[in-house]
Amino acid sequence: MSSTPFQDIFLPAPEATAGLARRLGARLAPGDVILLSGGIGAGKTHFARALIQSLLAEPEDVPSPTFTLVQEYDTTHGPLWHADLYRLSDPMEVVELGLEEAFETAICLVEWPDRLADLTPADALSLELTALPDNDGEARRLVIHAPARWQPLLTEILKETDA
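Per our numbering, the very first residue in the sequence shown carries number 2; after that it's consecutive.
See the structure below:
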């Protein structure tokens, strides 16, 4: 992950967060890895849910994988894995889940990516969400850390408007 943020964004409401997730989702392909970090209640699962739902051919429930660890989806863009690593304590558990292979063959959304340790893909897009006190607690700050390959795509997405 780049140590210097690529972009720092204010998202005033859940709809803005979901809109950004949908715009990003429309451009993803197998092999793309999105790391979602932030505290409990920061909006990681909301972001992931909006992105996943935008890629499903048929609407379906998108539960948080907190207890199942991984939810797999067949999407219009190929296989998608949504992982919540909060309950993992050893990076070897990531290997047991099959995430290393999924990083190459599926779109992967990973909540609590700090649990990956040395298994973190070097070219992953890192999104850090923080809940803000304004707007009845619905506003979010999004800090994007983007390797070079992601930057033109993100510049394009961020120029678009959605609400």
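Glycine included, each C-beta is placed from N, C-alpha and C at the ideal position.
Source: prediction; values computed, not measured.
Boundaries of the alpha helix (DSSP H) in which residue i is found, first to last residue
{"i": "Leu-21", "result": "15-26"}
{"i": "Val-95", "result": "93-98"}
{"i": "Thr-46", "result": "45-56"}
The beta strand (DSSP E) enclosing residue i, as first and last residue numbers
{"i": "Ala-84", "result": "79-85"}
{"i": "Ile-41", "result": "No beta strand (DSSP E) holds Ile-41; DSSP gives it neither H nor E."}
{"i": "Thr-131", "result": "126-132"}
{"i": "Glu-157", "result": "Element bounds for Glu-157: not the beta strand (DSSP E) but the alpha helix (DSSP H), 152-160."}
Per-residue DSSP class, three states only, for residue i
{"i": "Arg-88", "result": "coil"}
{"i": "Asp-62", "result": "coil"}
{"i": "Asp-135", "result": "coil"}
{"i": "Phe-11", "result": "strand"}
Pick from the options that is closest to residue i, judged by C-alpha positions
{"i": "Asp-39", "options": "Arg-141, Ile-158, Ala-118 and Arg-150", "result": "Note that residue 39 corresponds to Gly in the displayed sequence, not to Asp. If we check each option's Cα against that of Gly-39, Arg-141 comes out closest."}
Whole-Å CB distance - residue i paired with residue j, under 8 Å assumed
{"i": "Leu-12", "j": "Leu-25", "result": "That belief does not hold up - the Cβ atoms of Leu-12 and Leu-25 are roughly 13 Å apart, past 8 Å."}
{"i": "Leu-154", "j": "Arg-28", "result": "6 Å"}
{"i": "Leu-70", "j": "Arg-88", "result": "7 Å"}
Cβ neighbours of residue i in the same chain (closer than 7 Å, five flanking residues each side left out)
{"i": "Ala-164", "result": "Low local confidence applies: a pLDDT of 40 at Ala-164 is under 50, so the model's placement there is unreliable, with the coordinate-based value given in what follows. Glu-16, Ala-17 and Gly-20."}
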